[in-house]
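Note sheet for the following structure.
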Amino acid sequence: MPEWLLKEEQYEPLSDRDSFLDKSILSLLGILSRIRAQSGIRTGKYAVHAAFKVACTFLLIVLLSLSKNLFFILTVNVALLAAISLLSADKILRILKAGFVAALFTLVILLPSAFWGNRYGIVMIPLKVFAAVSAVNILSRTTEWRDVTGALKSFFLPDIFIFVLDITIRYIFMLGEFSLPLLYALRLRSVGKNNRKYASLSGVAGTMFIKSKEMAEEMNAAMECRGFTGDYRKSSRIRMNWTDSGYLLIHMLLLLLFLYLG
Amino acid sequence: MIELSDVSYSYEGTAALRNVSLRIEKGESVALMGMNGSGKSTLLKLINGILFPDSGVYRFCGEEITHKKMQDPLFSKRFHQRIGFVFQNADTQLFCADVYDEIAFGPRQMGLEESETEKRVEDCLSLLSIEALRHRQPYHLSGGEKRKVAIASVLALNPEVLVFDEPLVGLDPRAQRWFVSFLMKLHAAGKTLIVSTHNLEMVQEIAGRAILFDENHTIAADRPAESLLEDVDLLIQTNLVDEYYHHHPGAGHQHFHIHPF
């Protein structure tokens, strides 16, 4: 054993600005826990088929964009708020926060135009933005990503496109899970002043790149071994239930209201 | 040196540790045993200040380790220098361009002279018998070599406590043998060792004390390793050994077998 290893280290660290590491870890943890939190959102009030959710959200955004009627936009906002109120407290908070921030930002951008007489836009556009952002957020927070990609099959997207999208999302999660301990390791060994912080981070990024390449090669080999020849088929059977019918009915009513009011 | 009182931790509502209390003295060698998912890795992360207890108190050398305290960069850096963590997957621990830089990362951070850094790196390379890897890129190494580089990178910081998470996983029998002898050397050098493992043979050789976790994420037993390893009923109960029928040349018989991993 070398002598230095037998002695107790008399070390007092110097201060350094490296809070970026903690911030990176926290943001990565946030993304991963959000993906993890998606499991188990296929039942109960979230049980509407993903294909209907995707189609209706798309329809709603189109109607909101086309509509010039304040009553219709307010009705959509009320319907969305009612839908949000059925969710759990943390989801309500996150959806409302995203909607309000987007609406507020739009309002600030539009403020100068109000001075030139654009009273219509300053009310309508932030309301439309709030509704559109909330609708997309409701979809993303109540539907698993694999269901959303699966739902694309109903819109006649090629299977191989859905497959690539599926794998991409899965890899984002897996590489995120892999990079977290790398950042932990970097933090645990960052015991002093690091003048080459970004070199360390680029090392993490490089390792991630190599890891993703290796994983992709292994997956390719595994798929070949299982007889994959480039043809990927995904089932798109939809079984309607009462929740689906209710969900579609509400959107049909909104469509009729749009047609009536314009 | 390390003291946990009534510590509990859960991952988004799923319990990983329940009311864990333990005390590890300086210079001890402790093995953490238990089936997969019993909370060993979570405990190691808590001990290393990566996670923080939902309830209960963790003290390191008398100082309570909290999220707030770890936000103080000077305290956190000193803490991390004193306690080194070798992750289960060496891939997730190596981020430098070559093996030399990987080992020199810690000493350079500590502000050691380049000559002292070089001495530490050379000592670590020789201690782990990886001199030939000096200029290799970490991601091109074999599993065993990566593990050795990961250990060297932590050892170069000269921590008082070394924490290993499943160190034998993925190593061939010869590397496992080497590793057990290496841990014994470290212990003889006065380092405090905390090792999580399923390998009962290793526990017998390196640990003076064994802590066994059960499937309820609590400590089922905390005893001298020898005494715990003799308690076959408890080991069966916690799924660390099982009984099955097999055949040796001559006769078939039934006896207990260790789960290797």
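Residue numbers (the UniProt record's numbering), protein chains in the order written: chain X, 1 to 262; chain W, 1 to 261. Each residue gets a CB set at the ideal place from its N, CA and C atoms; glycine is no exception. These figures come from a predicted structure and were not determined experimentally.
Alpha-carbon spacing of residue i relative to residue j, whole angstroms
i, j, result
"Ala220 (chain W)", "Phe213 (chain W)", "5 angstroms"
"Tyr171 (chain X)", "Tyr9 (chain W)", "28 angstroms"
"Phe60 (chain W)", "Ala189 (chain W)", "21 angstroms"
"Glu214 (chain X)", "Ser41 (chain W)", "26 angstroms"
"Pro73 (chain W)", "Asp16 (chain X)", "8 angstroms"
"Glu177 (chain X)", "Gly121 (chain X)", "44 angstroms"
"Gly170 (chain W)", "Gly143 (chain W)", "7 angstroms"
"Ala86 (chain W)", "Arg189 (chain X)", "Residue 86 (chain W) is actually Val in this sequence, not Ala. Distance between the alpha carbons of Val86 (chain W) and Arg189 (chain X): 11 angstroms."
"Lys69 (chain W)", "Gln176 (chain W)", "37 angstroms"
"Asp222 (chain W)", "Ile2 (chain W)", "15 angstroms"
"Asp90 (chain X)", "Tyr260 (chain X)", "36 angstroms"
"Asp18 (chain X)", "Leu43 (chain W)", "26 angstroms"
"Asp123 (chain W)", "Trp178 (chain W)", "17 angstroms"
"Leu74 (chain X)", "Leu152 (chain X)", "29 angstroms"
"Val149 (chain W)", "Ser129 (chain W)", "10 angstroms"
"Tyr11 (chain W)", "Pro138 (chain W)", "32 angstroms"
"Leu228 (chain W)", "Leu235 (chain W)", "8 angstroms"
"Ser85 (chain X)", "Asn69 (chain X)", "25 angstroms"
"Glu131 (chain W)", "Ile151 (chain W)", "14 angstroms"
"Val20 (chain W)", "Thr14 (chain W)", "16 angstroms"
"Phe173 (chain X)", "Ala205 (chain X)", "15 angstroms"
Backbone secondary structure at residue i - three-state DSSP
i, result
"Pro260 (chain W)", "Per-residue confidence for Pro260 (chain W) stands at a pLDDT of 47, beneath the threshold of 50, marking its modelled position as unreliable; the derived number appears in the next sentence. Residue state, collapsed to three classes: coil."
"Ile25 (chain X)", "helix"
"Arg18 (chain W)", "strand"
"Gly227 (chain X)", "coil"
"Leu253 (chain X)", "helix"
"Asp90 (chain X)", "helix"
"Glu3 (chain W)", "strand"
"Ala216 (chain X)", "helix"
"Leu14 (chain X)", "coil"
"Thr192 (chain W)", "strand"
"Phe164 (chain W)", "strand"
"Val133 (chain X)", "helix"
"Val54 (chain X)", "helix"
"Ala31 (chain W)", "strand"
"Arg196 (chain X)", "coil"
"Arg146 (chain X)", "helix"
"Ala210 (chain W)", "strand"
"Arg136 (chain W)", "coil"
"Arg239 (chain X)", "coil"
"Ser142 (chain W)", "coil"
"Ser67 (chain X)", "coil"
"Ser8 (chain W)", "strand"
For residue i, the nearest candidate out of the options (CA to CA)
i, options, result
"Asn241 (chain X)", "X:Ala47, X:Glu177, X:Leu139, X:Leu175", "X:Ala47"
"Leu183 (chain X)", "X:Ile167, X:Ser200, X:Lys193, X:Arg196", "X:Ser200"
"Cys96 (chain W)", "X:Phe258, X:Gly30, X:Ala185, X:Leu249", "X:Ala185"
"Arg196 (chain X)", "W:Met35, W:Thr238, W:Asp101", "W:Asp101"
"Met208 (chain X)", "W:Asp165, W:Glu122, W:Leu94, W:Pro107", "W:Leu94"
"Leu162 (chain W)", "W:Val30, W:Phe79, W:Ile83", "W:Ile83"
"Lys191 (chain W)", "W:Leu157, W:Met35, W:Ser126, W:Glu201", "W:Leu157"
"Leu66 (chain X)", "X:Ile125, X:Ser85, X:Ala103", "X:Ile125"
"Val30 (chain W)", "W:Leu234, W:Ile206, W:Asp242, W:Glu215", "W:Ile206"
"Lys193 (chain X)", "W:Leu112, W:Val203, W:Asp165", "W:Leu112"
"Pro167 (chain W)", "W:Val241, W:Ala90, W:Val57, W:Pro53", "W:Ala90"
Interface residues of chain W facing residue i [CB-CB closer than 7 angstroms]
i, result
"Phe178 (chain X)", "Thr92"
"Ser33 (chain X)", "Glu12"
"Ser24 (chain X)", "What Ser24 (chain X) touches in chain W: nothing, since even the nearest Cβ is about 13 angstroms away."
"Gly192 (chain X)", "Lys77, Gln109, Met110, Gly111"
Closer than 8 angstroms at the beta carbon, the chain W residues around residue i
i, result
"Arg189 (chain X)", "His80, Phe105, Gly106, Gln109, Ser153, Val154, Leu157"
"Ala216 (chain X)", "Residues of chain W passing the Cβ test: none, with the nearest at roughly 15 angstroms."
Partners in chain X for residue i, counting only beta-carbon separations shorter than 9 angstroms
i, result
"Arg120 (chain W)", "Pro2, Trp4, Leu5"
"Tyr139 (chain W)", "Gly206, Thr207, Ile210, Lys211, Glu214"
7 angstroms Cβ cut-off: residues of chain X touching residue i
i, result
"Cys96 (chain W)", "Gly203"
"Ala189 (chain W)", "Met1, Leu5, Leu6"
"Phe87 (chain W)", "Pro181, Ala185"
"Glu160 (chain W)", "Glu8"
"Leu74 (chain W)", "Pro13, Ser15"
Proximal chain X residues relative to residue i, where beta-carbon distance stays under 8 angstroms
i, result
"Lys69 (chain W)", "What Lys69 (chain W) touches in chain X: nothing, since even the nearest Cβ is about 14 angstroms away."
"Asp123 (chain W)", "Pro2, Trp4, Leu5"
"Asn48 (chain W)", "Leu188"
"Leu193 (chain W)", "Within 8 angstroms Cβ-Cβ: nothing; Leu193 (chain W) doesn't reach chain X, min ~14 angstroms."
| message | In chain order, what are the residue ranges of uninterrupted beta strand (DSSP E) at least 3 long that sit wholly in the segment 213–242 of chain W? | response | 219–224
| Going along the chain, which unbroken runs of the beta strand (DSSP E) with 3 or more residues stay wholly within the segment 49–129 of chain W? | 55–60, 83–86
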